[in-house]
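Asks:
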Amino acid sequence: MEKIQKYRGEIPYFIQQNCTDILIYVCSSYRNLEEYFSVLKDKSSIPVYALESKEEEESISQRYEIFEFFKRKKKAILLLTLDMFLKKYEAIGTYHIFQVGKEYSLSFLKAELEKYHYHRNYLLEKKGEYSIRGDILDIFPYTNSFPIRIEFFGEEIERISYFEIENQKSFQLVTEYKMYIDNNNIEENLFTFLKIDSKKHKIFFENMELLSYKLEEMILIEEKEEKKKEYRKEFETLYTFGKEIQLLKFSYQELENFRKKEYLEQIQKRKKIIIKSLEAEKYREIYSDSVSLYQREPYFEGYENETELVLTDRELKGIRVKRGGEKKKKLKFIKPDQIQEGEYIIHENYGVGLYLGMELIDGKDYFKIKYADEDKLFVPLESIHKIEKYVHVPGVIPEIYHLGTRGFQRKRVKLQEEILEFAKEIIEIQAKRNSTQGFQYSPDTVWQEEFEEAFPYTETTAQKKAIQDVKQDMEMGKVMDRLICGDVGYGKTEIAIRATFKAIMDQKQVVVLAPTTVLAEQHYQRFQERFLNYPIEIAVLSRMKTPKEQKEILKKIKNGSIDLIIGTSRLLSDDLEFKDLGFLIIDEEQKFGVKAKEKFKKMRGNLNILAMTATPIPRTLNLSLLGIRDLSIVDIPPEGRKAVKTFFVEKKEEAIVKAILQELSREGQVFYIFNSVKRIKEKVKELEKMLPSYIRVDCIHGKMSGKELKYKIEQFENMQIDVLVSTTILENGIDIENANTMIIEGMEKLGLSQIYQLRGRIGRGRRQSYCYCIVADYKSKKAKEREKSLIELGNGSGLDLSMEDMKIRGAGEILGEKQHGLIETLGYHFYMKMLAEEIAKLKGEKKEEKEKKIEISVQFPKYIPDSYIQKEEKIVVYKRALSLQSMKEIMEFESEILDRFGKFPMEVKGFFQFLKIQYFCQNFGIYELIEKEEKYWIRFEEEKVKVDLIVSLLLQQKIDYIQKTKQIVFCGDIFQFFELYQK
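Plus 210 on top of the position in the sequence shown (first one is 1) and you've got the working numbering.
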């Protein structure tokens, strides 16, 4: 059998050169598949498809996608892993074609969808759901990446469009849509399924030995005997018809030599040398003429053949380069503050009550709230801004007052005094910051631009905004105190790296503080990787260093030869002297002790401080507290990031073994959380006993010596450990992209935010990640409640609520203990509103006088019936509608509602008419508009009325004026009056 030897980096070019019709290439690892695909899709004109293992839900659409992809192609490349080559594919099912203008029975379609296991939901959230709202049918087919909206007129299709889950808006009209029904259970192998002749087309596979090992691994996980036989049979066809590629690697000695200029000069006499890197210009400065060609592009790995030697950052820096993920439309469903019946809600005048739903009174919707002793309050739509969802700590029942008494008002006055004290503190901090002049950093240099361009990922918009905020602070010369808040893995470190680089370019020293040795080491490696090729001296100071090493580092900090020092709270000791410290970066500030926090307080106001936290906080924390500290929120996940799936499993050996083997079968690694230093070694032995002997299990915990801890983490990073058992030391920043499964034992003893942080350690790459929480047999009441919150956190519906709870705790952490208590009493939204008012008063900012209440009485119904929009969603629609500021926004919102819910009934038409009338009244200074006897009676605010216009309309006899009541009377369509008045 023919064997071909190639370096990994050359494979994409080899595939391209050998593809004459259909070429199938079986990769020996997922990593290879991803890297070959990213090169081929950019560089090859031949269509290429990467077939990799997907979730059940996605695998159905993937099957139809690949079938359509190969259907008419004479020349194409298929990259896949062994499991995808060996598996069976269900044959393509039947399909429905929907065409504009054709007739269909909606009841028949509904029955068809139910028959094929589609579930009805009011608003679609995921594949396999459908919704019928009036004349609109929404379907999210298993076989497509986007949901489809079909609008009927009677039984005739009037409009078909794709729409986005994120905002439920249509974005592309089509005249015809082909929807496959996945109803075929006949299984076929890959060749039959794709109608490919295995004898005719080229098939390559790499590293037979490794693939044989993977085959045995698949057989080990598989429970059915017939499936095991099928795997072996399919594997033989691969061996019979395919050609083997043996992958070559550069030796350690070769890699060392490549970094020497004189060594490359010798090679260049024999063959061409090319360097491919985003930092090509930097390498040109180092190697100059000893390299034939510098190409400014990222490439995953170098290679060598008879004519050329290609080198990349992997050989020259020792780091793996990532390519920016491809932009995909994000599927994300956002539920705003929906107020559900039976939930607590807070009114700014009456306090907390129980929301009982909406009631229709005289053609208008009112919010009905129950207070103590069955007192009821009816709040009109116009006062929707006075009520908020009462977001508080779960399990605590708030105090509810009578409507007639002044109980809540008295409490409010008392709390207001406490808020006032806090507002004074805020003003003092602001004043101190504003009066101190900081160092003014120079604008970005050419080096800064080059350095930033070498970032191998695509920045998210939130990341770009935060970077811009930080640089603006630095260049303005004010004393910086900014907090960057973002989820684990959302790119906060890169923001800190760029700020550090900018500070060092202006000869300032920078300190990066981390709460743990593990995190300090991780930062040290990350900064070192990014600063390679630049004359920047970095050191790490922690308990991993010997006293002698520490002494040497302290000396270098004092004389200024160290630019960047990274470490734990050891860096706050008094024996540290700097030559010119300009910048302090604090990671996870809330995890430092009281002493450290006191020290930070003293430093504030004199030193530029950039703090980072992964504690979730509310988006609006920014608005009222601008001034204590500036805030940047990085809330957009990197491209391709998938949310972690959470499962709850009983403590059974087979469940744990299956979860571990499944992760290892896709070349991943596993974190096993076990929070007991005493018994952690026993747990390792227990796992070794239940798992196959080739699986390597080890552990880490906080009592280990620094050196041992560092060594174990490095082993795990280099894939020399498969399962790492760890205490909660893991929550402080261990970043390993290949670990995508976490098992948590003893979750009942951990806090919700702790589990949230731990879970954030997986799912750092593009792959789906899984968190298995082992459920204890006996549970205390508190543990049961926590488990309930966690299950909600896992299944998405409760995600918003649990997140809301955690955000409020986060706000409390940032604002301090006392304010935390106030937030619990008043609810977060109302607390923020009061704080903002107190700050404005103290600053003497003139609050806009209260708008005069506008009274509008019209003779048509103006509400949204339950038959048109479901109750819970209706509140969201009302809240949005009543916060619209311009006519353009009203018109856009009107088209959105029409698109999402179908043709307007009379009441909804009336509601939008009312919104437009209200807009004109506010704009023109009309405070009363009453419709009676087919006439409109209008009163203007005296200071806002345009007298000359009114006189002109009177002279033209377009209006009448009643002197006694100061009313203008207009007969006709009210919008005609607005048009005349506007002119």
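Ideal Cβ positions, reconstructed from N, Cα and C, are used throughout, including at glycine.
When you compare only the Cα positions, how much space is there between E892 and G912?
Replies: The count along the sequence shown starts at 1 and reaches residue 892 at position 682. The count along the sequence shown starts at 1 and reaches residue 912 at position 702. Distance between the alpha carbons of E892 and G912 is about 17 Å.
Asks: Quick one, are the C-beta atoms of E300 and E397 less than 8 Å apart?
Replies: What you label residue 300 is simply residue 90 of the sequence shown in a count that begins at 1. What you label residue 397 is simply residue 187 of the sequence shown in a count that begins at 1. Cβ atoms of E300 and E397: closer than 8 Å.
Asks: Write down every uninterrupted run of the alpha helix (DSSP H) in the stretch 411-495 whose length is 4 residues or greater and which is fully enclosed by it, in chain order.
Replies: Fully enclosed alpha helix (DSSP H) runs of 4 or longer: 418-431, 435-451, 462-468 and 471-478.
Asks: Taking just the CA atoms, how far does E1083 sit from S271?
Replies: By 1-based counting over the sequence shown, the position of residue 271 is 61. By 1-based counting over the sequence shown, the position of residue 1083 is 873. Rounded to whole angstroms, S271 to E1083 spans 29 Å at the Cα level.
Asks: Can you tell me whether M690 is helix, strand or coil according to DSSP?
Replies: Counting from 1 along the sequence shown, the entry for residue 690 is found at position 480. In this structure, M690 counts as coil in the three-state DSSP scheme.
Asks: Can you tell me the Cα-Cα spacing of K1089 and I629, whole angstroms?
Replies: Here residue 1089 is taken as the residue at index 879 of the sequence shown, counted from 1. Here residue 629 is taken as the residue at index 419 of the sequence shown, counted from 1. Between K1089 and I629, the C-alpha separation is close to 28 Å.
Asks: Going by other Cβ atoms of all chains shown within 10 Å of its Cβ, with 16 needed for buried, is F373 buried or exposed?
Replies: Here residue 373 is taken as the residue at index 163 of the sequence shown, counted from 1. It is buried - the Cβ of F373 has at least 16 other Cβ atoms within 10 Å.
Asks: Among the residues of its own chain, which have a CB less than 8 Å from the CB of F737, if the five just before and after it don't count?
Replies: As a position in the sequence shown, residue 737 is number 527, starting the count at 1. Here the set comprises I707, T710, V722, I748, L774 and I776.
Asks: For A641, count the other beta carbons within 10 Å of its own beta carbon; 16 or more makes it buried, fewer makes it exposed. Which is it?
Replies: Indexing the sequence shown from 1 puts residue 641 at position 431. Looking at its Cβ environment, which holds fewer than 16 other Cβ atoms inside 10 Å, A641 is exposed.
Asks: Quick one: what does DSSP say L1159 is sitting in, helix, strand or coil?
Replies: Taking the first residue of the sequence shown as position 1, residue 1159 is located at position 949. DSSP places L1159 in helix when its eight states are reduced to three.
Asks: Under 8 Å between the Cβ atoms of I391 and Y326?
Replies: Position 181 of the sequence shown, counted from the start, is the residue given in the question as residue 391. Position 116 of the sequence shown, counted from the start, is the residue given in the question as residue 326. Contact: yes.
Asks: Assuming L292 and L316 are in contact, meaning their beta carbons sit under 8 Å apart, how far apart are those beta carbons, in whole angstroms?
Replies: By one-based count along the sequence shown, residue 292 stands at place 82. By one-based count along the sequence shown, residue 316 stands at place 106. Not confirmed; about 46 Å, so no contact.
Asks: In this structure, does DSSP put T951 in helix, strand or coil?
Replies: Taking the first residue of the sequence shown as position 1, residue 951 is located at position 741. Looking at T951 - three-state DSSP - the assignment turns out to be strand.
Asks: Please classify Q1192 as buried or exposed, where buried requires at least 16 neighbouring CB atoms within 10 angstroms.
Replies: Walking along the sequence shown from the start, residue 1192 turns up at place 982. Per the 10 Å Cβ criterion, exposed.
Asks: To the nearest angstrom, how far is it from the Cα of P848 to the Cα of I939?
Replies: Along the sequence shown, one-based indexing puts residue 848 at 638. Along the sequence shown, one-based indexing puts residue 939 at 729. Straight-line Cα distance between these residues: approximately 25 Å.
Asks: How long is the line joining the alpha carbons of Y982 and I597, rounded to whole angstroms?
Replies: Within the sequence shown, numbered from 1, the residue matching residue 982 stands at position 772. Within the sequence shown, numbered from 1, the residue matching residue 597 stands at position 387. One C-alpha to the other measures close to 39 Å.
Asks: Which parts of the stretch 596-647 are runs of the beta strand (DSSP E), unbroken and 3 residues or longer, counting only runs that do not cross its ends?
Replies: The stretch 596-647 contains these whole beta strand (DSSP E) runs: 597-599.
Asks: Looking at M568: is its Cβ nearer than 8 Å to the Cβ of K1081?
Replies: What you label residue 568 is simply residue 358 of the sequence shown in a count that begins at 1. What you label residue 1081 is simply residue 871 of the sequence shown in a count that begins at 1. Yes. Within cutoff.
Asks: Could you give the DSSP three-state label for Y223: helix, strand or coil?
Replies: Mapped onto the sequence shown, residue 223 falls at position 13. Reduced to three states, the DSSP call for Y223 is helix.
Asks: What does DSSP give as the partner residue(s) for G973 in the beta ladder?
Replies: Start at 1 with the first residue of the sequence shown, and residue 973 comes out as number 763. The partner list for G973 (beta bridge, DSSP) is empty, contrary to what the question assumes.
Asks: Provide the residue(s) that pair with M568 in DSSP beta bridges, ordered along the chain.
Replies: By one-based count along the sequence shown, residue 568 stands at place 358. Looking at the DSSP assignment, M568 forms a beta bridge with F577.
Asks: In the DSSP assignment, the alpha helix (DSSP H) including L250 goes from what residue to what residue?
Replies: The sequence position of residue 250 within the sequence shown is 40, counting from 1. Note, L250: alpha helix (DSSP H), Y240 to K253.
Asks: Closest by CA to G344, which one among L729, L820 and F1111?
Replies: Counted from its first residue, the sequence shown places residue 344 at position 134. Checked all of L729, L820 and F1111; the closest Cα to G344 is F1111.
Asks: For the pair the stretch 1104-1121 and the stretch 1066-1077, tell me if three or more CB-CB distances fall below 8 Å.
Replies: With the cut-off at 8 Å, the stretch 1104-1121 and the stretch 1066-1077 touch.
Asks: According to DSSP, is H557 part of a helix, a strand, or is it coil?
Replies: Working through the sequence shown from its first residue, we reach residue 557 at position 347. Residue state, collapsed to three classes: strand.
Asks: For S886, which of V880, Q879 and V894 has the nearest alpha-carbon?
Replies: Mapped onto the sequence shown, residue 886 falls at position 676. If we check each option's Cα against that of S886, V894 comes out closest.
Asks: Would you call the stretch 867-885 in contact with the stretch 946-957, where contact means no fewer than 3 C-beta pairs closer than 8 Å?
Replies: Yes, the stretch 867-885 touches the stretch 946-957.
Asks: What are the partner residues of W657, as DSSP defines its beta bridges?
Replies: Counting from 1 along the sequence shown, the entry for residue 657 is found at position 447. Note: W657 sits in no beta bridge, so no partner.
Asks: Could you spell out the range, first to last residue, of the alpha helix (DSSP H) harbouring R322?
Replies: Here residue 322 refers to the residue found at position 112 of the sequence shown. For the record, residue 322 in the displayed sequence is Glu; it is not Arg. Taken as a continuous stretch (DSSP letters only), the alpha helix (DSSP H) holding E322 covers L316 to K325.
Asks: Going by the DSSP bridge assignment, what does C229 pair with across the sheet?
Replies: As a first step, residue 229 is located in the sequence shown; it is residue number 19 there, counting from the start. Answer is none; C229 lacks a bridge partner.
Asks: Tell me whether G563 sits in a helix, a strand or coil according to DSSP, three-state version.
Replies: As a position in the sequence shown, residue 563 is number 353, starting the count at 1. Strand, per DSSP.
Asks: Can you tell me whether I965 is helix, strand or coil according to DSSP?
Replies: Stepping through the sequence shown from its first residue, residue 965 is reached at position 755. Here I965 sits in helix by DSSP.
Asks: Are the CB atoms of I232 and I455 within a distance shorter than 8 Å?
Replies: Reading the sequence shown from its first residue, position 245 is the one you call residue 455. Reading the sequence shown from its first residue, position 22 is the one you call residue 232. No.
Asks: Please look up how many angstroms separate the CB atoms of I429 and K438, rounded, as I've assumed it's under 8 Å.
Replies: Counting from one through the sequence shown, the residue named residue 429 turns up at place 219. Counting from one through the sequence shown, the residue named residue 438 turns up at place 228. Right, the Cβ-Cβ distance comes to about 5 Å (below 8 Å), so this counts as a contact.
Asks: Going residue by residue through the stretch 722-759, where are the continuous beta strand (DSSP E) segments of at least 3 residues, counting only ones entirely within it?
Replies: If we require 3 residues or more, the beta strand (DSSP E) runs fully inside the stretch 722-759 come out as 748-751.
Asks: Helix, strand or coil for S936, going by three-state DSSP, please let me know.
Replies: As a first step, residue 936 is located in the sequence shown; it is residue number 726 there, counting from the start. It is a strand residue.
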